[in-house]
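One structure below.
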Amino acid sequence: MENSDSDEPEKKKPHLNSLSPTMARSSTTSPPNNHSVDAAVLQYQNQRLLHQIDKQKHDLQDLEAKIKELKDKQGSYDEMLITVNQIWNQLVDDLILLGLCAGGSQNALQILDGADYSRGSIPSCSAEEMFLCRLLQRDSIEANGNDEIAKYVEEALTLRHTSTRELLKLLEHTIYSHREKTESMVHTLDGKISSEDAIIQLPKIDDMMEREVKNLREAIDILHVKQKEYADVIRTYLSSQSTDQSEISRITGELDDSMTELEESRRKLVNLKMQKDVASGMHNLTSGAVNGTLSPEKSTERTISLRELRNSIEETKILAADRLSEYQEAHEENLTLSKQLQEFQNELKDDKFVHSSRLYTMRNDQLQHWNVEVDRYKALTDSLQADRALVVRREKDLNVKVESADAIRNSIGNTDSRIEELELQLQKCIIEKNDFEINMEEAVQDSGRKDIIAEFRVMASSLSKEMGMMEAQLKRWKETAHETLDLMEIKESERRAYSQAEMFKNAIDEHSLELRVKAANEAEAVCQQRLSATEAEITELRGKLDASERDVLELTEAIRIKDKEAEAYISEIETIGQAYEDMQTQNQHLLQQVTERDDYNIKLVSESVKTKQSQSFLLSDKQALVKQLQQVNTSVESLKMRISHGEEQMKALLTEATKTTEEDRHLAVNVETAKWELADAEKELQWLKSAVSSSEKEHAHIQKDINDIELELHIERSSRKNLEEELRELNSMVAEMSSETGEAAIQKLQSEIKFCKNILQCSVCTDRPKEVVIVKCYHLFCNYCVQKNLEIRHRKCPACGTPFGQNDIRFVKI
Numbered sequence: 001m002e003n004s005d006s007d008e009p010e011k012k013k014p015h016l017n018s019l020s021p022t023m024a025r026s027s028t029t030s031p032p033n034n035h036s037v038d039a040a041v042l043q044y045q046n047q048r049l050l051h052q053i054d055k056q057k058h059d060l061q062d063l064e065a066k067i068k069e070l071k072d073k074q075g076s077y078d079e080m081l082i083t084v085n086q087i088w089n090q091l092v093d094d095l096i097l098l099g100l101c102a103g104g105s106q107n108a109l110q111i112l113d114g115a116d117y118s119r120g121s122i123p124s125c126s127a128e129e130m131f132l133c134r135l136l137q138r139d140s141i142e143a144n145g146n147d148e149i150a151k152y153v154e155e156a157l158t159l160r161h162t163s164t165r166e167l168l169k170l171l172e173h174t175i176y177s178h179r180e181k182t183e184s185m186v187h188t189l190d191g192k193i194s195s196e197d198a199i200i201q202l203p204k205i206d207d208m209m210e211r212e213v214k215n216l217r218e219a220i221d222i223l224h225v226k227q228k229e230y231a232d233v234i235r236t237y238l239s240s241q242s243t244d245q246s247e248i249s250r251i252t253g254e255l256d257d258s259m260t261e262l263e264e265s266r267r268k269l270v271n272l273k274m275q276k277d278v279a280s281g282m283h284n285l286t287s288g289a290v291n292g293t294l295s296p297e298k299s300t301e302r303t304i305s306l307r308e309l310r311n312s313i314e315e316t317k318i319l320a321a322d323r324l325s326e327y328q329e330a331h332e333e334n335l336t337l338s339k340q341l342q343e344f345q346n347e348l349k350d351d352k353f354v355h356s357s358r359l360y361t362m363r364n365d366q367l368q369h370w371n372v373e374v375d376r377y378k379a380l381t382d383s384l385q386a387d388r389a390l391v392v393r394r395e396k397d398l399n400v401k402v403e404s405a406d407a408i409r410n411s412i413g414n415t416d417s418r419i420e421e422l423e424l425q426l427q428k429c430i431i432e433k434n435d436f437e438i439n440m441e442e443a444v445q446d447s448g449r450k451d452i453i454a455e456f457r458v459m460a461s462s463l464s465k466e467m468g469m470m471e472a473q474l475k476r477w478k479e480t481a482h483e484t485l486d487l488m489e490i491k492e493s494e495r496r497a498y499s500q501a502e503m504f505k506n507a508i509d510e511h512s513l514e515l516r517v518k519a520a521n522e523a524e525a526v527c528q529q530r531l532s533a534t535e536a537e538i539t540e541l542r543g544k545l546d547a548s549e550r551d552v553l554e555l556t557e558a559i560r561i562k563d564k565e566a567e568a569y570i571s572e573i574e575t576i577g578q579a580y581e582d583m584q585t586q587n588q589h590l591l592q593q594v595t596e597r598d599d600y601n602i603k604l605v606s607e608s609v610k611t612k613q614s615q616s617f618l619l620s621d622k623q624a625l626v627k628q629l630q631q632v633n634t635s636v637e638s639l640k641m642r643i644s645h646g647e648e649q650m651k652a653l654l655t656e657a658t659k660t661t662e663e664d665r666h667l668a669v670n671v672e673t674a675k676w677e678l679a680d681a682e683k684e685l686q687w688l689k690s691a692v693s694s695s696e697k698e699h700a701h702i703q704k705d706i707n708d709i710e711l712e713l714h715i716e717r718s719s720r721k722n723l724e725e726e727l728r729e730l731n732s733m734v735a736e737m738s739s740e741t742g743e744a745a746i747q748k749l750q751s752e753i754k755f756c757k758n759i760l761q762c763s764v765c766t767d768r769p770k771e772v773v774i775v776k777c778y779h780l781f782c783n784y785c786v787q788k789n790l791e792i793r794h795r796k797c798p799a800c801g802t803p804f805g806q807n808d809i810r811f812v813k814i
């Protein structure tokens with residue numbers, strides 16, 4: 001700037017020097033008139049500018065008021081959009097979770113993931129249209145005019161309506177399918193089923209339960225994954241908040257640096273003002289010298305000096321004007337920055353403002369709410385873990401029961417295979433017996449000892465007896481295999497068979513031991529012969545070993561000498577290599593120093609450029625921070641929605657867990673009842689015997705009931721007599737009333753009788769008398785109408801609409 005300012009007066013100097021002396025004189029004489037005219041014109045222009053500034057101020061105030069009204073309207077509109085979006089998202093989440101609770105497929109979880117993804121994504125549109133884009137679940141509004149925007153919004157809303165309706169249809173479909181399954185299970189369990197049908201249907205029910213448990217586990221795993229994702233998002237948000245705070249501190253430091261630079265520029269401006277004042281003092285001195293008495297010979301020199309002074313004064317004026325404009329601009333920027341800094345500092349320092357600010361209150365409420373939710377989630381997770389342990393135990397019990405049933409079936413099926421195996425063992429024993437007889441004959445021929453023959457005969461006789469026992473047991477097992485035996489008897493028979501087989505094995509082992517002893521004696525003689533031969537060979541080998549050891553010692557001494565020579569050569573090579581490596585390291589160190597100096601020079605140049613660019617980047621960083629704050633606020637809102645969605649999912653999972661536990665209990669009870677029915681089917685003979693005794697007891701009970709009925713009949717007869725007496729009294733009263741009032745009283749009585757008859761008749765068909773009472777609501781109807789209502793699926797009272805069952809009906813005598 002200074003170079004450009006110094007160049008401008010040099011360009012203007014020839015124009016000033018080219019002026020004539022007459023023009024110079026006229027210029028010296030005309031300044032006072034020009035100053036007076038310029039002052040009047042300037043005053044007029046100042047007044048006009050003041051009026052224009054006032055008008056602009058009023059217009060600005062009106063515009064600010066309108067902008068405030070529009071902002072208030074925009075805030076209310078945004079709040080409405082936020083509430084509508086929250087309610088709509090809650091509705092969609094409730095529908096999805098209800099579908100899961102009703103036993104829907106895993107498509108509901110995929111829909112929920114898609115909804116979370118669409119809600120978590122930030123749309124690429126303006127801040128004014130952000131909430132509307134989120135409500136429509138679109139990235140941007142592709143329209144130009146107001147009518148096109150309205151049509152686009154209506155189409156998007158209709159699409160979202162259709163999606164929610166499809167969710168409703170899916171929920172209804174899942175509920176109907178679940179009802180059909182439960183009704184089929186109820187029909188199968190309530191009806192009287194044979195043992196074969198129960199065995200066929202029990203695995204189907206087990207498969208259904210396994211599928212439901214798998215679905216529950218998958219849903220719980222997905223929810224755990226989502227909980228981890230939410231925790232990661234919250235952690236990233238906290239880390240971004242810390243980074244934002246560090247960036248804010250960095251920006252404050254840069255602002256302080258800019259403030260110091262501004263103070264330096266202000267000092268420079270003060271110095272320039274001082275130079276200007278010095279120049280004005282020099283001008284006064286020159287004017288005093290002109291008014292004084294000088295010789296007429298030096299007039300030309302005076303004019304030249306005056307021209308030069310005027311030129312220098314004009315140059316200084318131009319420089320001063322430029323410096324003033326620069327100073328004013330810098331001062332205005334300094335004021336704006338200082339105001340912003342003061343506002344930021346006041347906002348940061350004022351605790352009241354911070355505590356009363358909307359963001360602080362929102363964050364505080366969120367903190368409290370999240371703390372409460374964390375405690376609640378901890379309690380829920382504890383309860384879920386406890387319920388999960390119970391479910392796992394019940395599953396294990398069911399698996400153990402199923403395995404025991406399979407083991408029983410396998411044991412019943414394996415009896416035939418065991419019988420076949422025992423037959424094969426018998427055949428093997430017969431073959432071994434024949435082999436033993438042959439061996440015994442050979443031993444008798446070879447040895448001729450009477451004791452051994454007697455022992456073998458005893459063994460043969462015992463074996464024949466045991467074979468007979470085994471054949472008898474096999475016959476028994478064949479006879480008893482067709483009958484239904486208990487598990488304990490089968491196990492005892494197996495143990496007996498195993499013990500007998502072990503006895504056979506022991507006998508065979510004893511016989512084989514005797515034969516082995518004979519073979520061992522023969523082998524000892526052969527081994528002694530071989531030992532004598534090996535001892536002779538060992539003596540020869542020892543002599544050879546001594547000779548080889550001597551050769552080894554000679555060779556080791558020669559190797560040691562050669563090793564010493566090799567070590568000397570290696571040490572010389574290592575010294576040469578170390579010297580070469582030292583030279584290479586020195587060269588690398590020097591090269592690194594050269595490169596470091598070059599890098600340092602480059603860094604100095606880049607840092608000088610960066611310092612100049614940092615001031616220009618401050619404003620852009622500030623705008624980016626404002627945008628980041630807006631994005632953070634939007635992300636906080638999305639996190640709130642996700643957290644609420646997670647809460648609803650946890651609630652739905654809890655309800656599902658409770659339902660599954662109840663269904664597990666019902667299924668366990670049903671399985672136990674089926675087992676008891678199977679056991680009862682086997683115990684029908686005993687029950688017939690007990691039925692005779694129970695029939696006798698029932699006969700006695702019936703006699704007691706007959707006595708009670710006779711007592712009731714006696715009571716009813718007495719009540720009938722009382723009613724007849726009351727009728728007589730009423731007839732006498734009617735006769736008296738007829739004599740007193742006449743036809744009016746008779747009509748009243750007839751109307752009352754009709755009213756009483758209508759009360760006693762059924763309110764549905766108005767033809768039959770009331771015979772049945774619904775216990776839940778105590779409304780009276782005829783038996784035909786109630787039986788008709790029982791045939792319908794939705795059994796409700798015709799009068800009040802309360803649901804009832806077969807057990808809620810009682811007969812009444814009126």
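Numbering (full-length UniProt numbering), first residue to last: 1 to 814. Glycine is no exception: its CB is placed at the ideal position from the N, C-alpha and C atoms.
For Gln-761, which residues does DSSP report across the bridge? Partner(s): Pro-769.
Among Ala-472, Arg-393, Ala-407, which one has its Cα closest to the Cα of Leu-426? Per the C-alpha coordinates, the member of Ala-472, Arg-393, Ala-407 positioned closest to Leu-426 is Ala-472.
Whole angstroms are fine: how far does the CA of Thr-585 sit from the CA of Glu-565? CA-CA distance, Glu-565 to Thr-585, rounds to 31 Å.
Identity of the residue in Ala-652, Gly-75, Tyr-230, Glu-663 nearest Ser-638 by Cα: It is Tyr-230 whose Cα lies nearest to the Cα of Ser-638.
State the DSSP-derived secondary structure class of Ile-792, mapped to helix, strand or coil. If DSSP states are grouped into helix, strand and coil, Ile-792 belongs with coil.
Look up Leu-324 in the DSSP assignment and say whether it is helix, strand or coil. DSSP places Leu-324 in helix when its eight states are reduced to three.
Does Asp-708 pass the burial test, meaning 16 or more other C-beta atoms within 10 Å, or should it be called exposed? By the Cβ-count criterion, Asp-708 is exposed, with fewer than 16 other Cβ atoms from all chains shown falling within 10 Å of its own Cβ.
So, are the CB atoms of Arg-795 and Phe-781 less than 8 Å apart? Judged by their CB atoms, Arg-795 and Phe-781 are not nearer to each other than the 8 Å cut-off.
Own chain partners of Gln-588 with C-beta closer than 6 Å, once the 5 adjacent residues on each side are dropped: Take Gln-588, set aside five residues on each side of it, and no residue of its chain has a beta-carbon closer than 6 Å to its own.
For the beta strand (DSSP E) holding Phe-811, just list the boundary residues, first then last. Note, Phe-811: beta strand (DSSP E), 809-811.
Look at the Cβ atom of Cys-785, then the Cβ atom of Cys-756, and state whether they are nearer than 8 Å. In this structure, Cys-756 does not lie closer than 8 Å to Cys-785 by Cβ.
According to DSSP, which residues form a beta bridge with Phe-781? Residue pairing from DSSP places Phe-781 in a beta bridge opposite Val-772.
Measuring CB to CB, does Lys-776 end up less than 8 Å from Thr-802? Yes, they are a contact pair.
Give the straight-line distance between the Cα atoms of Ile-706 and Asn-783, rounded to the nearest whole angstrom. Approximately 25 Å, taken between the alpha carbons.
How many whole angstroms separate the CB atoms of Leu-341 and Leu-255, which I take to be in contact at a CB cut-off of 8 Å? Sure, about 6 Å apart at Cβ, within 8 Å.
With 16 other Cβ atoms within 10 Å as the buried cut-off, status of Ala-558: That one is exposed.
Let me know the secondary structure DSSP gives Pro-803 once reduced to three states. Correct three-state label for Pro-803: strand.
Classify Asn-670: buried if its beta carbon has 16 or more other beta carbons within 10 angstroms, exposed otherwise. Buried.
Inter-residue spacing [alpha-carbon to alpha-carbon] between Ile-702 and Arg-810: For Ile-702 and Arg-810, the distance between alpha carbons rounds to 21 Å.
For the candidate residues Glu-172, Asp-365, Arg-266, whose alpha-carbon lies nearest to that of His-331? Nearest Cα to His-331 within the set Glu-172, Asp-365, Arg-266: Arg-266.
So, for Asp-435: in the same chain, excluding its five sequence neighbours on each side, which residues have a beta-carbon less than 8 Å away from its beta-carbon? Cβ neighbours of Asp-435 beyond the five flanking positions: none.
Give me, in chain order, the residues of the same chain whose beta-carbon lies closer than 6 Å to that of His-645; leave out the 5 immediate sequence neighbours on both sides. Cβ contact annotation for His-645 (same chain, cutoff 6 Å, sequence separation greater than five): Asp-93, in chain order.
Residue burial classification, Gln-806 (beta-carbon count within 10 angstroms, cutoff 16): Flag for Gln-806 reads exposed.
Which of helix, strand or coil does DSSP assign to Lys-683? In this structure, Lys-683 counts as coil in the three-state DSSP scheme.
Specify the secondary structure class of Pro-203 as computed by DSSP and reduced to three states. Shown here, Pro-203 sits in a helix according to DSSP, grouped into three states.
Measuring CB to CB, does Gln-86 end up less than 8 Å from Met-641? Their beta carbons are under 8 Å apart, which means Gln-86 touches Met-641 by this criterion.
By the three-class DSSP mapping on this structure, what secondary structure does Cys-797 have? It is coil, neither helix nor strand.
Determine the burial state of Glu-403: buried for a count of at least 16 other Cβ atoms within 10 Å of its Cβ, exposed for fewer. Glu-403 comes out exposed.
Glu-549 to Ser-532, Cα distance in whole Å? Counting only the Cα atoms, Ser-532 lies some 26 Å from Glu-549.
By alpha-carbon positions, which one of Lys-181, Trp-88, Asp-232, Asp-221 ends up nearest to Ser-163? If we check each option's Cα against that of Ser-163, Trp-88 comes out closest.
Rounded straight-line distance, which links the Cα of Ala-321 to that of Lys-273: One Cα belongs to Lys-273, the other to Ala-321, and the distance between them is close to 11 Å.
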